[in-house]
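In this note's numbering, the protein residues as written are -18 to 156. In this text, a Cβ means the ideal position worked out from N, Cα and C, and glycines have one as well. From a predicted model like this one, the values you see are computed outputs, not experimental measurements. Below you'll find the structure, written out as structure tokens, and then a few comments.
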Amino acid sequence: MTEPLFLDTDCLSTFLCVGQENLVLQLYAGRIGIPQQVYFELRRVQFMKNKVDALLNANRVMVYQIIAGTDAGYLYLKLTEHPDQGYKIIGSGEAAAIVLTKEYNGILGSNNMRDILPYIKSFNLQHRTSADIMVEALDHLLINEGQGNVIWRDMLQRNRKLPTDTFTQFLASRK
């Protein structure tokens, strides 16, 4: 797997806020893209800005821009301002991550399934949630189930939205 992973604000911040960004970095080394809009959103929280700046300075992640007047720029405006009938207007970070995922044939990292699922289906995008990334970390032996439960609990305590109360419950729901 060599596709880039484009993270929206919620997905990346889920790992940043509990100090577990290393899981994403190990799984997607050299392939992590942060839309400029996501970077701007994360800069509003000082500790997240500091972490992302350190990752950028170490060349662990890259910031991607969407250029106005291009197909990607028009699609971004469509998603954030004038979606097709039956589709919702979505946030700038989510829209940018979707547009870049489509443009670079990558993987979308986003937790907001309610708003973005129609776009994922329409554009036939590969997709990962924070919960999916946790399972990948388990599958690659970066964590064990117990560690996953601790990280999951910490994420919930930081008001991150996850599909179940525990990592163990999420694993069971996938069977």
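For residue i: DSSP bridge partner residues
| i | result |
| --- | --- |
| A109 | Just to set this straight, residue 109 is Arg in the shown sequence, not Ala. Note: R109 sits in a beta bridge opposite G90. |
| V44 | I15 |
| F(-13) | G14, L89 |
Helix, strand or coil at residue i according to DSSP, with G and I counted as helix
| i | result |
| --- | --- |
| G14 | strand |
| L143 | coil |
| A39 | coil |
| D65 | coil |
| C(-2) | coil |
| A78 | helix |
| A53 | helix |
| K156 | coil |
| N130 | helix |
| V33 | helix |
| N125 | coil |
| V5 | helix |
| R95 | helix |
| V26 | coil |
Close Cβ partners of residue i (< 8 Å) along its chain, the five nearest in sequence each way excluded
| i | result |
| --- | --- |
| Q7 | A118, H121, L123 |
Spatial neighbours of residue i in its chain, beta-carbon cut-off 6 Å, leaving aside the 5 residues before and after
| i | result |
| --- | --- |
| C(-2) | R139 |
| Y68 | P99 |
| R24 | K30 |
| L58 | none |
| E22 | T(-10), G74 |
| Q164 | Not covered by the structure: residue 164. The range shown for the chain is -18 to 156. |
| G90 | L(-14), L(-12), C(-8), R109 |
Whole-Å CB distance - residue i paired with residue j, under 8 Å assumed
| i | j | result |
| --- | --- | --- |
| A78 | D(-11) | 4 Å |
| S111 | C(-8) | 6 Å |
| I132 | R109 | Going by Cβ atoms, the distance from I132 to R109 rounds to 16 Å, so no, they are not a contact pair. |
| Q107 | E(-16) | 7 Å |
| L4 | I114 | 7 Å |
Cβ shell of residue i (< 7 Å), same chain only, five flanking positions each side left out
| i | result |
| --- | --- |
| L137 | L143 |
At least 3 beta-carbon pairs within less than 8 Å: the segment 4 to 18 vs the segment 32 to 47:
Three or more pairs of CB atoms, one per stretch, sit closer than 8 Å, so the segment 4 to 18 contacts the segment 32 to 47.
Are the segment 23 to 33 and the segment 124 to 132 touching, with three or more C-beta to C-beta distances below 8 Å?
They do not touch, by the three-pair rule.
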